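Notes for the one structure printed next.
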Amino acid sequence: MNRQHAPKGIEWTRIRNPDGTVRPGYTWNPTGGCFHGCTWQMPDGSTTECYAKTIAERFTSGYPNGFEHHYWRPHNLSAPLKVKDPAGIFVGSMADLFGHWVPEEQIRQVLNVMEEASWHTFQTLSKFPIRLPNFGRFPDNVWVGVSLPAGHLMSATGGARALKAYLRHMQKIEADVRFMSIEPLWFDVAPVFEAWLETEEKLPFEWAIIGAASNGRSVFQPETKWTADLIELLDEGDVPIFFKGNLDKNYWRNWREDFPAA
Ligand code: SF4
């Protein structure tokens, strides 16, 4: 997950229903920790790391072995079942639930809770999409997300190569809603999607989130052309777009906070 911002207040968990009402949004962390080690080079030359790691290192009582460790929290499993009003729940704001280190049995327990809590909509995000098709058909109330690649100071060429592979894995995911979190938009992704559409009928996701990069209080807007080209492609494919609040509201007057129809 691209977690450059606090899990609290993740705006895209507050799902707007077709009738205009808005569901409250929560995060739920039945697992914790992550080994992906994402870092981003900012345009000013500074380097920023994953926000979840920063938070975990601040609140060490919950992460006594550091962030690069797998924590299984079965006592948290029933939390969504206790929330009776329908909500949007982001699963794993402090983890990658589908990371290669997470035992399949634990993932299946989490999926079972999501299926049981059918009145909620769950959103997952992973940077290990090769694993997602292994779980067969996801419950209808689970939106399965994949984040834009970002390893340790990955180059734009490496990012584009990884994104191409990610799209192949996403194509095999069986879910009503697959989505891509393109935040931060740290390299020009439109050419990768264009190349994909030369051989495939449609993009392999039904919703996209776009956001800027940040390092502490500094926010770095993506190149305007990258964003404009991406929006154009997504619009052509009828993919609803959600802008994260750190995009430049003065520039992007046609502000998007759309959700998939499901
Ligand atoms: S994949 Fe892991 S390291 Fe990367 S941003 Fe997400 S939680 Fe952080």
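Per the numbering used here, the sequence shown runs over residues 1080 to 1341.
We treat Cβ as the ideally placed atom computed from N, Cα and C, and that holds for glycine.
Keep in mind that this is a model prediction, so the values were computed, not measured.
query, result
"Within the same chain, show all residues whose beta-carbon is closer than 7 Å to that of S1197, passing over the 5 residues directly before and after it, in chain order.", "N1220"
"Please determine whether the Cβ atom of K1243 lies at a distance below 7 Å from any heavy atom of the ligand SF4.", "no"
"Go through its chain and collect everything with a Cβ distance to A1254's Cβ below 8 Å, but skip five positions before and after it.", "R1216, F1217, V1221, W1222 and V1223"
"Please state whether DSSP places E1336 in a helix, a strand or coil.", "strand"
"Decide if Y1330 is buried, meaning its Cβ has at least 16 other Cβ atoms within 10 Å, or exposed.", "exposed"
"Is the beta carbon of W1320 less than 8 Å from the beta carbon of L1312?", "Sequence check: residue 1320 is Ile here, not Trp. The answer is no: Cβ separation not under 8 Å."
"In this structure, does DSSP put E1184 in helix, strand or coil?", "helix"
"Hey, I1186 and L1176: beta-carbon distance below 8 Å or not?", "yes"
"Any heavy atom of the ligand SF4 closer than 7 Å to the CB of G1116?", "yes"
"Mind checking W1334: buried by the 16 CB within 10 Å criterion, or exposed?", "exposed"
"What whole-angstrom Cβ distance do G1112 and F1146 have, given they're in contact under 8 Å?", "6 Å"
"Could you tell me if S1297 is buried or exposed, where buried requires 16 or more neighbouring beta carbons within 10 angstroms of its beta carbon?", "exposed"
"Can we say the segment 1268-1285 touches the segment 1091-1109, given the rule of at least three CB pairs closer than 8 Å?", "no"
"Tell me which residue opens and which closes the alpha helix (DSSP H) that R1093 is part of.", "That residue, R1093, is in no alpha helix (DSSP H); it is neither H nor E in DSSP."
"Taking a contact to mean a Cβ-Cβ separation below 8 Å, would you say F1284 touches S1293 in this structure?", "no"
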